[in-house]
Structures are given as structure tokens and as C-alpha cells.
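Visitor:
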Amino acid sequence: MNNHIEREKIPFKKIISNNLFVFRYALSMNPKVIIFSFFTNIITTVGFSLFSTLMLKMVIDAVMAKKTFREILTIILIGMTAIIILEVFNICTNQYFEAKITNISGKIQRVFIKKAARIDLMCYDNPKYFDDYVIAAAQAEEMLGLCVTSLSSLISSSIAVLTISGIIFTINPIITVFPVTGFFVNLFTRYQIIKTEYEMNMAKKIVARKSDYSKRVFYQPEYAKEIKLSGIATPLRNQFDESIEEQRTVAKKYGIKIAVYSLINWITVFTFLSFFCLPAYLGYLALVRKEIALGDVASMNTAANSVRGRLDQLNYVFADIQKVGLYAERFRKFVEYEVNIEESKGTKELPSELSIIEIKNMSFKYDGSENYALKNINITINPKEKIALVGHNGAGKTTFVKLLMRLYDVTEGEITYGDSNIKDFSIKDYRDNIGVVFQDYQVYAATLSENVIMDNLNENSEEVALTSLQKADFSKKLQSLSMGIDTELTREFSDDGTAFSGGEAQKLAIARMFAKPFKVAILDEPSSALDPIAEYKLNKSMMENAEDASIIFISHRLSTTKIADKIYMFENGEIIEEGTHAQLMEKQGKYATMFEKQAHYYVEE
Ligand SMILES: Nc1ncnc2c1ncn2[C@@H]1O[C@H](COP(=O)(O)OP(=O)(O)OP(=O)(O)O)[C@@H](O)[C@H]1O
Ligand SMILES: [Mg+2]
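Quick note on the UniProt record's numbering: the sequence shown kicks off at 1 and runs consecutively.
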């Protein structure tokens, strides 16, 4: 936990450069609105400050100069008109920005969603990276707004302070000592408070992970069954209680420090300097030294408090600038993260004909993992060949698929397609070549046809969706849906959304693969949720519809993999046996043992 906070200490120069980075970023979102809001803030702040000081001074001066009532009334009327215009301007522009801000927020979120979709999968394996991105995305809007207002307040408050101080200087320069001293005390204490609050929030976020997880799990429909039927609710609740207790300890530890600094701040700045020293000194000047008029006591008291008010605002502005600077570290990391795999443009044309896939001495380690998930893998897949990967849970089969799809790059060795390393092709061209069904597919809150077609929309979409669903043995279910392929899936957005059974969802995932043309098909456990008849139909359909494709399929049911041209048996990330079903049975090794064990459970076709 401490390490995490230690890393957050960043130098002043970096804080400034981070603020400028965020400001430029905000500008790029909507330059007109940002510049307009920037100057509006300056005009209104300076206007209100000058008004509050000058108005009182002008009226008192006029009274002291024994002007007529009419003349004094004119001054008050002009002042009143000015303040009304300023207020109307302020209200109108605030409303205008309120409307515009939704637009800008949408734009920021869009940029973030787009980036998140391209971030390398590797980042999702590392909780630190993941935390950074989630925090950056969650705070992006707040931070951009804060950065624009704090930079414009920095300018407007500085102008206000300089002009009002100028007025005070003409009366008695020593008066400025009070607000300036208050400013420095405030600067120091606010800096400590913000820093402690930041450290507290970061520390809380880390210990809150467990309670956030529990909160999420208890509300998500996919967990509801197990929460009710298994005993998992108890350890989760214990985790939750532990986490709340940890958060309480963190809040207490930092809370005491914050309270002490707040008290010092209040007593010195407000009570002592503003309410006691300043009026006492002004009284002394007027009554003992007789250097200033009685009217000036009132106007200088207002002016000095106004300067202190503006300087205080500057304190908050500095604190905000510091806050933006700290948070922007994550924001910058996210925005500047150079996407590696997903941006690959490639240097070579993908062969137009189905080509040989060769996996040569390939090894792979997940980021942060000590052990190799795959070690020294050599596989050749000739065009149109059907190969099967088998092996126990955790053997490395899915990892192999992820590498073949270039969701990760290999640690050692290479994968070639045709004569070239797959890294030489544009990632889009390469992936478009392959149809894939993953073990952990998802059903999205969209229509059935959108779930099948995905981004492949065109005028034939409906037809493609229907034939793909048919190829995946989904036709019977489709007939039972009154809205057909326009059926809304999941209950996320509407109460009458349709929920599928495990097998139906799996067929949907398979239909997705058929919806796009492919030269290579990869199926990771495509029939794990299917009943035996559905599995038989799927295998038949695959053979008919992917006759001209190379197929790699993974299955725990060896009766299915039996038909493959070649079978590879994985264990602990290595290939321990390879050959046709007949060869492997003859060898009487681990494959044969596994097959024979399963034969007891399955009646072979
Ligand atoms: N994202 C990840 N980060 C770290 N290790 C991982 C990750 N994904 C998988 N592993 C590890 O890599 C090894 C291989 O996992 P993989 O998912 O490839 O197995 P599998 O053969 O597909 O198993 P199953 O039959 O259960 O699907 C396992 O030990 C697993 O714990
Ligand atoms: Mg797997």
C-alpha cells in the first residue's frame, strides 16, 4: 500500500506540464467552448471583485466630498446596472456551458471507450495497469473541467488581487500585510490537507477493492444463482466487513491529520488575522494616527478581505492545479499509452490464398507470471487441415488460441502464415482471415441479429444472420422467438429481453463465426454446453461449411476430436503427444488412457 502512495510524489514541474497537457486535451475536445468559458470566467470574477471594492469606496468618497443626493444616487444606479448586467451574463453563460458540457463529456467518454477497446490485452492481466485505466476513465471529465476552471481562475484572481491591492496601496501599503500573511498560512495548510486527502483516497481505493467486488457480485444476475445456493455469500461478506474495517482505519489515520490542519487554518487565517488584527489596525490608523478617514476604515476592511478572498481562491486554485497534476499522471498514461498489437499496420500483404500456419519453437509467459504458460511448441497446420488440441484444464490450449489470434505476442519463437511472421501483417487483415469461437464468449444487450453480425452490417445482414444461425443449429429456437432476429437479448435494457440457455448462447457464439467469411476456423470448446445431438449436428455442420478452411478445435470430449487429421495433446504448456487418433491409441500413452477413460462415459456414435 505504501509503495503505491510513494510513487505518487511528483515534482512541481511535472504538475505544471501535466496541467498544460490536460488543458490542451480539453481544448482539442471543443476549442470554441473551452476558450469562451475560459474568458467568461475571467471577466465575471474580475468584474465582481472590482465592483465589491470600488462601489463602497466611491459611495463613501462621494458622501465625504459632500456631493448632492442626486449625484450619489446616480453612482449607485450606475453600479447597480453594471452588477445586473454582469449577473445576467454570468447566469446565461453558465446555462450555456451546462448544455455544452454534456456534449464534451460524451466526446471524452467516446475517446476513452475507443482507446480502451484497443489497449493491449496484456494490460488487463496486470491489476496496477487496470486500476490506472479505470481511475483515469472515471475521473476524466471532472479533471478536464477542473483544469480549465482552475487555470482561468488563476488568471482572473491574479488580476483581481493586483487591482485591489493597487487601490489599497494608494491608501496604506501595510494593510496588504494581513491578507498576504493569511494567504501564506492558507497555502501551507491547504497544501497539506489536499495532499493528505489524496493519499487517503488512494489508500482507501486500494482497501476498498474487496468491498467493491462484493458489492458488484451481490447485484450481478450471473452470480445470483450461486450466491443463493452455494455458501460463497459468507466469505464474501467477511471480505466486505474486513474491507470496511480497513477503510475505517485508513479514514481515521488520515482524518486526524486533516482535522488538525483545518483547525490551524481556520484559527490563524480567519479568526485571528481577519476578524481581529485587520479591524484593530484600521481602527488604530483612523483613531490614533488619524492617517485615514473613517470612511476608509470600511472600504479598506472590505478591500483587504476581498484580496484575502481572492488569494484564498488562488490557494484553492493551486490545490486544484496540484490535484489535476497528480490525477493527470494516470490520465496521461492512459492517453499516451502506445497501443502495440492493435495498431499493427503491417509491412506485408496477407496471402490471398489459404496458407500454411507454422508455430516454431514458441514459448509464452503471461506478464508478471513466473512460469511459462506454453513452452517450446512446434505445430504445422497445412491448408485445409483439421487439427485438434486436447489436454487437461490449464494445459495451455486457450493460451495457444490467444497467441494465434495475436491477442498477445509470443515471448520466444514465432508464428508464421505463408512465409511471413504474423507480426508482418496488418492486424485487421490477419484477424479477418480467421473465424474464432472462444470458450468465454459473451451475449450482449443488443438484438439477436446484432449479436450475430457484430460490425459486419450491410444490406445482406438479415440473410447472413439467418443462414449463420441455421449453420449453428439455432433454427428451431429462432422459430420460437416472436420477434425473430430482432429479439432483444438480455434483460439489461428491457424487462421482456430474452435470456438464452447455456447451449443456446454457445450456438449464438458459433453463428457469429459463420457470419464472417474465414479461411481458418478456431473453436475453443465450442460444444461444452451442447447436448450430444446438438454436438453431433455442429460437427457435421462444421465439416460441411468449413470444408475449405483449416480448422483448429479444442475439446475435452475426445469422441469429437477423434476425426481430426492430427491431434496434439498438451500438458503443463508442452506438447506431450501428437499424431492421428489411431497412432495415439496405438502408442498407448496418456491420450489413449484419457480416451479409454472417457469411453466408459460416452456411447460412441
Ligand atoms: N491472463 C492470464 N494471466 C496469467 N496466467 C494465465 C492467464 N490466463 C491463463 N493463465 C494461466 O495459463 C495456464 C494455461 O491456461 P489456459 O487457459 O491456456 O488453459 P486451457 O488449456 O485452455 O485450460 P481449460 O481446459 O481449462 O480451458 C494456466 O495455468 C492459467 O492459470
Ligand atoms: Mg481453455
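Beta carbons are placed, not taken as given, at the ideal position from N, Cα and C, and that holds for glycine.
Please read all numbers here as calculations on a predicted model, not as lab measurements.
My assumption, with CB atoms under 8 angstroms, is that leucine 236 sits in contact with serine 214. Please give the rounded CB distance.
Guide: So it is a contact: roughly 5 angstroms between Cβ atoms.
Visitor: Quick one: what's glycine 579 bridged to in DSSP?
Guide: Paired residues: Ile567.
Visitor: Would you mind stating whether threonine 176 and phenylalanine 169 have Cβ atoms separated by less than 8 angstroms?
Guide: Yes, they are a contact pair.
Visitor: Between lysine 333 and alanine 137, what straight-line distance do the alpha-carbon atoms span, to the nearest angstrom?
Guide: Cα to Cα, the separation comes out at about 11 angstroms.
Visitor: From isoleucine 76 to glycine 47, what does the alpha carbon distance come to, in whole angstroms?
Guide: Cα to Cα, isoleucine 76 sits roughly 16 angstroms from glycine 47.
Visitor: Roughly how many whole angstroms lie between the Cα atoms of isoleucine 533 and lysine 540?
Guide: Approximately 11 angstroms between the Cα atoms of the pair.
Visitor: Between the alpha carbons of phenylalanine 400 and asparagine 376, how many angstroms are there, rounded?
Guide: Distance between the alpha carbons of phenylalanine 400 and asparagine 376 is about 12 angstroms.
Visitor: Measuring from the CB of threonine 398, is there a heavy atom of ligand 2 at a distance below 7 angstroms?
Guide: Answer for threonine 398: yes, Cβ within range of ligand 2.
Visitor: Could you tell me the distance, in whole angstroms, from the CA atom of methionine 1 to the CA atom of isoleucine 321?
Guide: Low confidence applies here, because methionine 1 scores a pLDDT of 34, under 50, leaving its location unreliable; read the following figure in that light. Taking the straight line from one Cα to the other gives about 25 angstroms.
Visitor: Quick one: residues in its chain with C-beta nearer than 8 angstroms to the C-beta of serine 494, no 5 flanking neighbours on either side, listed in chain order?
Guide: Cβ within range, chain order: Glu488.
Visitor: In the DSSP assignment, find the alpha helix (DSSP H) that holds lysine 205 and state where it starts and stops.
Guide: 177 to 219 is the span of the alpha helix (DSSP H), which, as asked, contains lysine 205.
Visitor: Just to confirm, is the Cβ distance from lysine 397 to leucine 389 under 8 angstroms?
Guide: Yes, Cβ-Cβ distance for lysine 397 and leucine 389 is below 8 angstroms.
Visitor: For ligand 2, any of its heavy atoms closer than 7 angstroms to the Cβ of glutamine 442?
Guide: Checking the Cβ of glutamine 442 against ligand 2 gives no.
Visitor: State the DSSP-derived secondary structure class of leucine 326, mapped to helix, strand or coil.
Guide: Three-state DSSP puts leucine 326 in a helix.
Visitor: Rank Ala446, Phe595, Lys384 and Gln247 by C-alpha distance to the C-alpha of isoleucine 206 and give the top, closest one.
Guide: Of the listed residues, the one whose Cα sits closest to isoleucine 206 is Gln247.
Visitor: With a 10 Å radius around its C-beta and 16 neighbouring C-beta atoms as the bar for buried, classify tyrosine 133 as buried or exposed.
Guide: It counts as buried.
Visitor: My output table needs one value for alanine 233: the three-state DSSP class, helix, strand or coil.
Guide: Three-state DSSP puts alanine 233 in a helix.
Visitor: Applying the criterion that 16 or more other CB atoms from any shown protein chain within 10 Å of the CB defines a buried residue, is threonine 81 buried or exposed?
Guide: Threonine 81 comes out exposed.
Visitor: DSSP has glutamate 358 in a bridge; who is on the other side?
Guide: Partner(s): Thr380 and Thr416.
Visitor: What whole-angstrom Cβ distance do lysine 100 and valine 33 have, given they're in contact under 8 angstroms?
Guide: Contact flag correct, Cβ pair sits at about 5 angstroms.
Visitor: For serine 468, report the span of its alpha helix (DSSP H) as first-last.
Guide: Counting along the chain, the alpha helix (DSSP H) containing serine 468 begins and ends at 461 to 471.
Visitor: Helix or strand or just coil, what does DSSP make of isoleucine 104?
Guide: Helix, per DSSP.
Visitor: So who's on the other strand from isoleucine 551, going by DSSP bridges?
Guide: DSSP output for isoleucine 551 lists Lys386 and Ala521 as bridge partner(s).
Visitor: Kindly give me the distance between the Cβ atoms of serine 243 and alanine 208, rounded to whole angstroms, as I take these residues to be in contact under 8 angstroms.
Guide: With 8 angstroms as the limit, serine 243 and alanine 208 qualify as a contact, their Cβ atoms being about 6 angstroms apart.
Visitor: Take the Cβ of cysteine 147 as the centre, count every other Cβ of all protein chains shown within 10 Å, and call the residue buried at 16 or more, exposed below.
Guide: When all chains shown are included, cysteine 147 counts as buried.
Visitor: Residues in its own chain within less than 7 angstroms of lysine 562 by CB, not counting five upstream and five downstream?
Guide: Cβ neighbours of lysine 562 beyond the five flanking positions: His581.
Visitor: May I ask you to list the residues that DSSP assigns as paired with phenylalanine 364?
Guide: The partner list for phenylalanine 364 (beta bridge, DSSP) reads Leu374.
Visitor: May I have the straight-line CA-CA distance separating threonine 102 from methionine 29, to the nearest angstrom?
Guide: Their Cα atoms are separated by approximately 12 angstroms.
Visitor: Measuring alpha carbon to alpha carbon, tell me which of Ile91, Leu121 and Ala509 ends up nearest leucine 407.
Guide: Nearest C-alpha to leucine 407: Leu121.
Visitor: If threonine 447 and serine 52 are in contact, beta carbons under 8 angstroms, what's the gap, nearest whole angstrom?
Guide: Rounded, the Cβ-Cβ distance is 60 angstroms, inconsistent with contact.
Visitor: So which of Gly484, Asn18, Ile256 and Ala499 has the shortest CA-CA distance to threonine 490?
Guide: With distances taken between Cα atoms, threonine 490 lies closest to Ala499.
Visitor: How about aspartate 125: is its Cβ closer than 7 angstroms to a heavy atom in ligand 2?
Guide: No, the beta carbon of aspartate 125 sits no closer than 7 angstroms to any heavy atom of ligand 2.
Visitor: Could you tell me the alpha carbon to alpha carbon distance between phenylalanine 364 and serine 449, rounded to whole angstroms?
Guide: About 37 angstroms.
Visitor: What span of residues does the alpha helix (DSSP H) with isoleucine 434 cover, start to end?
Guide: That residue, isoleucine 434, is in no alpha helix (DSSP H); its beta strand (DSSP E) goes 434 to 437.
Visitor: Pick helix, strand or coil for threonine 490, following the three-state DSSP scheme.
Guide: The answer is coil: DSSP assigns threonine 490 none of H, G, I, E or B.
Visitor: Can you look up asparagine 539 in the DSSP assignment and give me helix, strand or coil?
Guide: Here asparagine 539 sits in helix by DSSP.
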